[in-house]
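Enquirer:
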Amino acid sequence: MQPLCKQPLSDPGMDSTPAIAFNDKLVLAPLAGLSDRPFRRLCRAFGADFAVSEMISAKGLVYGDRKSRILLAPGPSDKPHWVQLFGSDPEIIRAAAEIALANGANLVDLNMGCPVRKVVKTGAGAALLKDPARAGAIMRALARAPAIPFTVKIRTGWDRSRPVLELFIALAANFGARALTCHPRTATQMFSGRADWLRLLKAARRAPLPIIGSGDLREPDEAVKALQQPGMAAVMLGRGTLGRPWLFRECRALLEGGPGWRPEPGLKLETILKHGKWLRAEYGEKTGLLLYRKHLAWYVRGMPGAAAFRSRLFAIRSFAELNQSLAGVFQG
Ligand SMILES: Cc1cc2nc3c(=O)[nH]c(=O)nc-3n(C[C@H](O)[C@H](O)[C@H](O)COP(=O)(O)O)c2cc1C
1 MQPLCKQPLS DPGMDSTPAI AFNDKLVLAP LAGLSDRPFR RLCRAFGADF
51 AVSEMISAKG LVYGDRKSRI LLAPGPSDKP HWVQLFGSDP EIIRAAAEIA
101 LANGANLVDL NMGCPVRKVV KTGAGAALLK DPARAGAIMR ALARAPAIPF
151 TVKIRTGWDR SRPVLELFIA LAANFGARAL TCHPRTATQM FSGRADWLRL
201 LKAARRAPLP IIGSGDLREP DEAVKALQQP GMAAVMLGRG TLGRPWLFRE
251 CRALLEGGPG WRPEPGLKLE TILKHGKWLR AEYGEKTGLL LYRKHLAWYV
301 RGMPGAAAFR SRLFAIRSFA ELNQSLAGVF QG
């Protein structure tokens, strides 16, 4: 991990970020606890154009919290390194974004959509959908010279009575955000119902900045169809990639108009073992194993023998034993 440093700011330094084009892009969504360095690397290897970090506390970065610092460090595939911050104080977010840029980030995403209580009660995440003035002040703080390249991620509103999609698109465009991602559910909906793609596409067609869509894109045809809609610059894939990081290659094959692509069982097994190896290298045996088990439960979903494997999973105490048992599932 790189040491955390805060370099003095200068205009040319800030502007050295390469321009990032969003057109026709497949992006790994930020997933707290999941879109870590090993998983981002795996998804990039299967053709994700970008992969956003887990959300990182702006306050944590500014006050030197070790966990936040570890989350911030770029991995080998993080080019560009797109880091998501959450917070509610414009100056703390500005300071955190400066720290992020000085430590390898190329682009900062502002989390204005997380509906989780722990985040919302601090005025961050989706709470900002109820406070557009504060959301605007945060964007203004990043936009002031030397400007920090940023994107915004929202839901359509706090609840159905307070839609803010168009308002936030206008705010983001006004403050020079490079793109806005929307998961078209309200915050109070959490993950229930369906993502309202009609609503998102209607707003995207008229938007003055690139719009990225996120929500319920589980299959390659769903992702490609969304990407081909007018005004949709890119799509983010979240839950669909769990146990299926090769979803990006499946989407890419469809986008290129070929016959489609499905991974062979051998490639799946090789990928899963590689994921385990990277988790162990990143977190060590104990934490690595905990995380590996979580991913394995997704990897074997739908396979014959999966239920028996899953019931054994939590009793297994080493990578070697786990991998052996996993190979058994693949050999049928
Ligand atoms: C486990 C989990 C963690 C998430 N963490 C974040 C996060 O840290 N930041 C964020 O903006 N969205 C987060 N999201 C929302 C996703 O980025 C995405 O917008 C949402 O899940 C809809 O896409 P999907 O249907 O493809 O999963 C999370 C979602 C899940 C399921």
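By the count of the working numbering, the sequence shown reaches residue 332 at its end, each step adding exactly one. Note that CB positions come from ideal geometry on N, CA and C, so glycine has one too.
1. Glutamine 84 bridges to which residues according to DSSP?
2. Specify, as a first and last residue, the run of the beta strand (DSSP E) that alanine 233 falls within.
3. Is the segment 149 to 160 touching the segment 175 to 184, taking contact as three or more C-beta pairs under 8 Å?
4. Where does methionine 190 land, buried or exposed, given buried means 16+ other C-beta within 10 angstroms?
5. Can you tell me whether histidine 183 sits near ligand 1, meaning its C-beta is under 7 Å from at least one heavy atom of the ligand?
6. Tell me whether the beta-carbon of leucine 28 lies closer than 8 Å to the beta-carbon of cysteine 43.
7. Is lysine 25 helix, strand or coil when you go by DSSP?
8. Arginine 293: which of Leu326, Glu282, Leu200 and Glu264 sits nearest, CA to CA?
9. Let me check understanding here. Comparing Cα to Cα, which of Ala315, Val300, Ser318 and Arg317 lies closest to valine 329?
10. Determine whether the beta carbon atoms of isoleucine 211 and glycine 240 lie at a separation below 8 Å.
11. Can you determine whether any heavy atom of ligand 1 sits closer than 7 Å to the C-beta of glutamate 219, and answer yes or no?
12. State yes or no: is the C-beta of cysteine 251 nearer than 7 Å to some heavy atom of ligand 1?
13. Contact check, alanine 226 vs tryptophan 197 under 8 Å by CB: the rounded distance?
14. If you pair each beta-carbon of the segment 255 to 262 with each one of the segment 277 to 286, do three or more pairs fall below 8 Å?
Expert: Here's the rundown:
1. Met55 and Asp109
2. 232 to 237
3. yes
4. exposed
5. yes
6. yes
7. strand
8. Leu326
9. Val300
10. no
11. no
12. no
13. 7 Å
14. no
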